[in-house]
Amino acid sequence: MAATEDQLARLSKVKDIITKASQELKSIEVNREIDLEFDVGNLLVTDKNTLDEEAVYDPDTRPAYLQSLARDGIQALMSKVWDLPSHTEDNAVFVTLPKTTTVLPREKPVPKEKALTKWEQFARDKGLTKKKKDKKVWDHILKRWVPRFGMKKVQADKEKNWVKEVPGNVDPYEDMFAKEKELKRERVAKNEYQRLRNIAKSRKLKVPNVGVTGNDLATSKDLGVAMHHSRFATASKGKFQPTLPNEQVPKGLGKKRKHEQITGDGRAEKKRYMEVLKKVEKNELNLSTAVHKQIREENIEADLAKKGGKKQLRRSKAGGRHRTRSDHRASKLGKGIHESRKQKISKIKAKQETGGLGLGKGRRTERTGGKGKKG
Amino acid sequence: MTVMQRVVKPKNPRAKRALVKREPKIIENTKQCLFLHGKKTGEFMRKCIKDIYALKRQDSKLLQSQDQLLPFEDILPVERLAHEHDASLFAYASHSKKRPNNLILGRMFNHHILDLIELGVDNYLGLEDFKNKKITVGNKPCMVFCGTQFEDLVDYKNLKNILIDFFRGVEATDVRLQGFEHALLFTATDDTIYMRSYKILLKKSGTRIPRVELEEIGPCMDLKIRRTKFASDDLKKKACRQPKHLKIGKKKNQSRDVFGTKLGRIHMTKQDLGQLQTRKMKALKKSSAKAKATNNEASTSTAEPMEVSQE
């Protein structure tokens, strides 16, 4: 009897275990009316089944019901995930997720393929490959490792090229070092131009062929020249152009005055001086100028004597030309100043002819009539 | 002296790397998210946004309070912020009498707004309201969408898309089997969407596939769709355009023989025999031919001592 009781007990235990196990086995199954849809790549489960509205709306049953929904969904997803191909790394099992099926918009548009530069095209056509260059190069002249580029390379080059041989066909007075520097500048500028041209080509801009340089390579001198040009291109030719707070207007720009040569033959100089001398030593008497001068002086003195004032020198306070009384009289008569001067010229000539006797107003040689003396 | 149009050139490698990171790519970076809130949001909404930020900490930025933004009226400030931080998702929390407990979710394409949806938050329970151990930060969540509305109604469909985009995290290829920790549930009824967040516990079952048990941890909220502003069809199409992935073509003209050696076939162009190089080939020279002949003779006869020494 005891044995059977034990047996019964054991049997019931076994039964319990079996039922438990079977329950657990069932527990990974998920049965739904409409099958769940998966996007394993995104770990996404879509449940299209109709919900138990009552269970959802009632706030008491809601949490439990929602949890059960979630649990079923996740359980189904796990079954899918565990069936994926796996591999073990670092004591952990990894599964490779498949590609996502949900269409999600991208963050940025698909990049356009970059156009190859001229060099890249050429290299591709010729089949050239990029060769990795070392940072340092063995220099057999200096007997040490010199960097391929940079400040230290320039210093090393200076060390090496402290002297330059002048070949036979080159002008001995030419500065070879300056020439080298200039050539290097040209090479750098050319490279920069080509780089910018590549960029322009990729952005589909137009580039002028000549006279282009980038912002970075302009020396302060070049920038000064550019600024001078921009100032000069104003209505006042830069004279009344206001400067910016810290701007320094560069000096020495603009048209330079050309001085003549001091050394060399002095033929041009001699010619110039002779011409000046000729003008100075002229014996010709310009009659009209001499006469004008004479008249002026006489008139001034006469007027001053009458007025009784200081002799007014050239600059008159009233401004303008100094007009004497006789000038005004002449203009009143409607003859104009020059007309009166002409009369005076004829007067003086006549004086000269008569031998310097002033005949005066009334004494005309060929006057007839009037009160005068009768001959 | 012409100077060319200014080209933004990075001054050091770090700047260059930052620029390269922001460029459009074939395989894109994980979408960054921006969490914003206005000046008068109130504690409720601030807690809410902080909790969602906690879920997405790896790929998001929580900014300090902004001047009042009205994304539905003027989206430019948001676009500008997103451009600065290189973010294409954003969540903006606000609170007003007219729109209490407002949450606006949006996404961008090429730094311009794509979709915008305004949700009202109800019955909110934050992370601190569930007193249990949470999950590791940056965990990729498993998402469950329940309810027929997500298939039938346009608004719900778009919302589903936005939510997937929002919570998906990194586009992972390999996942550790023990790494499934987080589960998000979105249940749609006629008027509300219930969002729940659980921790996944994997229990032993009889088979190799574990039994899943859930424990509620995270923020729990009831959302109501208020206003929407979805992208037009052509913009959507443009945004969803995928690049042509480089197809690995079949390698032709290659084969392996029985011993495993790789054999290849080369197809030559027709050789113009008239253009063959015969001038500088030593083998074809007459003198060498003569020398060869003498050599052959010498090998047979032992007359000349020179040949013998060579041997």
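In order, the protein sequences belong to chains V and S.
So our numbering is basically just the index in the first sequence, starting at one, shifted up by 650.
So our numbering is basically just the index in the second sequence, starting at one, shifted up by 43.
The beta carbon of each residue, even a glycine, is placed where N, CA and C say it ideally should be.
Exclusion of the five residues before and after ILE95 of chain S leaves PHE78, ALA134 and PRO262 as the residues of its chain whose Cβ lies within less than 8 Å of its Cβ.
In terms of Cβ geometry, ASP234 of chain S and ASN166 of chain S do not form a close pair [threshold 9 Å].
Assignment of ARG57 of chain S by DSSP, reduced to helix, strand and coil, places it in the helix class.
Distance from SER137 of chain S to GLN75 of chain S at the Cβ level is roughly 21 Å; contact not present, criterion being Cβ atoms closer than 8 Å. The shortest CA-to-CA distance from ASN204 of chain S to any of S:LYS183, S:ILE309, S:ILE160 and S:ASN175 is the one to S:ILE160. Measuring C-alpha to C-alpha distances from THR752 of chain V to each of S:PHE302, S:PRO56 and S:GLN285 identifies S:GLN285 as the nearest.
Annotated as distal: PHE229 of chain S and GLY169 of chain S, with beta-carbon spacing of 9 Å or more.
Identification of chain S residues near TRP769 of chain V by a Cβ-Cβ cut-off of 7 Å yields none; the smallest Cβ-Cβ distance measures about 18 Å. Along the stretch 207 to 220 of chain S, the positions whose C-beta sits under 8 Å from a C-beta of chain V are ILE207, ASP208, ARG211, GLU214, ALA215, THR216, ASP217, VAL218, ARG219 and LEU220, read in chain order. VAL164 of chain S is bridged by DSSP to S:LEU266.
Assignment of beta-bridge partners to SER736 of chain V by DSSP yields V:VAL745. Judged by DSSP in its simplified three-state form, LEU202 of chain S adopts helix. TRP812 of chain V sits in coil when the DSSP states are folded into three classes, being neither helix nor strand.
With the criterion set as a beta carbon lying under 7 Å from some beta carbon of chain V, the members of the stretch 286 to 314 of chain S are PRO286, in sequence order. Listed by position along chain S, the residues whose Cβ is nearer than 8 Å to that of GLY902 of chain V form an empty set, because the closest Cβ is around 18 Å away. The beta-carbon of ILE243 of chain S is placed less than 9 Å from the nearest beta-carbon of chain V.
ASP697 of chain V places its beta carbon 9 Å or farther from that of TYR715 of chain V. The three-state reading of DSSP puts HIS878 of chain V in helix, counting H, G and I together. Contact between TYR241 of chain S and ILE260 of chain S holds: CB atoms are separated by about 6 Å, below the 8 Å threshold. Here VAL213 of chain S is near ASP102 of chain S, since their CB atoms are less than 9 Å apart. Assignment of beta-bridge partners to TRP769 of chain V by DSSP yields no partner. Here the alpha carbon of PHE173 of chain S sits roughly 58 Å from the alpha carbon of LYS294 of chain S. Three or more Cβ pairs closer than 8 Å define a contact, and the stretch 746 to 761 of chain V meets that threshold against the stretch 684 to 700 of chain V. Taking a C-beta distance under 9 Å as the contact criterion, ARG254 of chain S and ILE678 of chain V qualify as a contact pair. From the listed residues V:ASN819, V:VAL820, V:PRO822 and V:LEU792, the smallest Cα separation to LYS808 of chain V is found for V:LEU792. For SER729 of chain V, a Cβ of chain S is located within less than 9 Å of the residue's own Cβ. Per DSSP, reduced to three states, the secondary structure at HIS138 of chain S is coil, with no helix or strand assignment.
Sorting S:GLU86, S:ASN296 and S:LYS104 by C-alpha distance to the C-alpha of LEU306 of chain S places S:ASN296 at the top. Under the Cβ criterion of 9 Å, ARG60 of chain S is not counted among the residues facing chain V. Counting C-beta atoms within 10 angstroms of its own C-beta, ASP158 of chain S has 16 or more neighbours from the protein chains shown and is therefore classed as buried. Taken through DSSP and simplified to helix, strand or coil, MET311 of chain S comes out as coil.
If you ignore the 5 residues before and after PHE115 of chain S, its C-beta comes within less than 8 Å of the C-beta of ILE147, LEU159, GLU161, ARG270 and LYS272, all in its own chain and listed in chain order. Of all C-beta pairs linking the stretch 104 to 119 of chain S to the stretch 65 to 72 of chain S, fewer than three are shorter than 8 Å, placing the two stretches out of contact. A distance below 6 Å between beta-carbons, with the five flanking residues on each side excluded, links LYS183 of chain S to the following residues of its chain, in chain order: GLY212 and ALA215. Taking a 10 Å sphere around the C-beta of HIS225 of chain S, we find 16 or more other C-beta atoms and assign the residue as buried. With respect to chain S, the C-beta atom of VAL664 of chain V has no partner C-beta closer than 9 Å.
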